[in-house]
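Below is one structure, written out as structure tokens; comments come after it.
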Amino acid sequence: RDGRQVATGSDDKTVRIWSAETGQEIKRLTGHQESVYGVAFSPDDNYLLTSGYDRQAILWSLERDVVMRRYLGHQGSLYAGSISPDSDWLLTGSTDATARIWPSGLSPDPRRFSHTSSVIGMALSRDGKILLTGTSNGTGRLWDTQTGQELLRLTGHEYAIESASISTHGKFAQIGIENVRTPVTVR
Numbered sequence: 023r024d025g026r027q028v029a030t031g032s033d034d035k036t037v038r039i040w041s042a043e044t045g046q047e048i049k050r051l052t053g054h055q056e057s058v059y060g061v062a063f064s065p066d067d068n069y070l071l072t073s074g075y076d077r078q079a080i081l082w083s084l085e086r087d088v089v090m091r092r093y094l095g096h097q098g099s100l101y102a103g104s105i106s107p108d109s110d111w112l113l114t115g116s117t118d119a120t121a122r123i124w125p126s127g128l129s130p131d132p133r134r135f136s137h138t139s140s141v142i143g144m145a146l147s148r149d150g151k152i153l154l155t156g157t158s159n160g161t162g163r164l165w166d167t168q169t170g171q172e173l174l175r176l177t178g179h180e181y182a183i184e185s186a187s188i189s190t191h192g193k194f195a196q197i198g199i200e201n202v203r204t205p206v207t208v209r
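Note that the numbering used here has the sequence shown beginning at 23, numbered continuously upward.
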């Protein structure tokens with residue numbers, strides 16, 4: 023992640039890759055039928071995962087500008103997505119109240135993390151072992167990605183948790199809350 027390129031997803035159904043140095047559009051990816059809500063580079067910057075209102079996540083090869091795979095199965099819009107640090111699996115969060123881990127191979131069966139409301143924010147620990155999800159009802163949860171076990175539930179927010187982050191040393195988690203400008207740190 024050298025920071026020379028940035029990606030954006032839009033209500034215009036496109037994904038655009040930009041030069042962070044010049045601001046010029048480098049490429050435009052089309053493949054979603056509705057708004058694109060999430061974009062995430064792979065650790066080596068060769069792939070991009072996009073997630074959208076059309077209930078699908080798309081893995082793109084940025085070297086060949088082609089769709090590598092479409093991930094289908096959520097019953098609601100996808101607001102978040104991520105690629106594991108080793109690129110062995112992908113992660114999606116949806117308004118169908120689930121987060122899912124999808125093997126990057128051809129296995130069709132993802133691991134599901136069930137919630138009681140829409141999953142709209144998420145973060146992975148640097149080693150990929152811990153998942154932090156944020157939901158529309160203001161609940162955050164920490165999960166073990168290998169076992170699927172819920173480790174900790176974070177409650178008390180009045181509004182949706184729309185963004186999430188886990189510190190690099192794994193001791194702190196930070197979440198962004200709708201209508202609140204100051205991040206909340208969980209120890």
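Note that the Cβ used here is the ideal one computed from N, Cα and C, for glycine as well.
In the DSSP annotation of this structure, the continuous segment of the beta strand (DSSP E) that includes Lys-49 starts and ends at 47 to 52. Ser-158 has its alpha-carbon roughly 7 Å from the corresponding atom of Tyr-181.
Taking a C-beta distance under 8 Å as the contact criterion, Leu-81 and Arg-91 qualify as a contact pair.
Contact check for Leu-51 against Thr-36 passes: the beta carbons are separated by less than 8 Å. The shortest CA-to-CA distance from Gln-46 to any of Gly-162, Asp-34, Gln-27 is the one to Gln-27. With contacts defined as CB atoms closer than 8 Å, Gly-98 and Thr-72 fail to qualify as a contacting pair. Judged by beta-carbon spacing, Met-144 lies beyond the 8 Å limit of Ala-79, meaning their Cβ atoms are not closer than that value. Nearest to Arg-86 by alpha-carbon distance, out of Trp-124, Asp-67, Ser-109, Ser-185, is Asp-67. Per DSSP, Pro-132 lies in no beta strand (DSSP E) segment and is marked neither H nor E.
Under DSSP, Gln-27 shares a beta bridge with Ser-41. In the DSSP secondary-structure assignment, Asp-67 is not bridged to any residue. Thr-120 and Thr-44 have their C-alpha atoms some 38 Å from each other. Here Arg-92 is bridged, per DSSP, to Ile-80. Listed in chain order, the non-local C-beta contacts of Tyr-75 below 6 Å within the same chain comprise Glu-56, Ser-57, Ser-99, local neighbours out to five positions each way being set aside.
In the three-state reduction of the DSSP assignment, Asp-166 falls in the strand class, which pools E and B. By the neighbour-count criterion, in which a residue is buried when 16 or more other Cβ atoms sit within 10 angstroms of its Cβ, Gly-162 is buried. The criterion of a C-beta distance shorter than 8 Å is satisfied by Ile-105 and Tyr-69.
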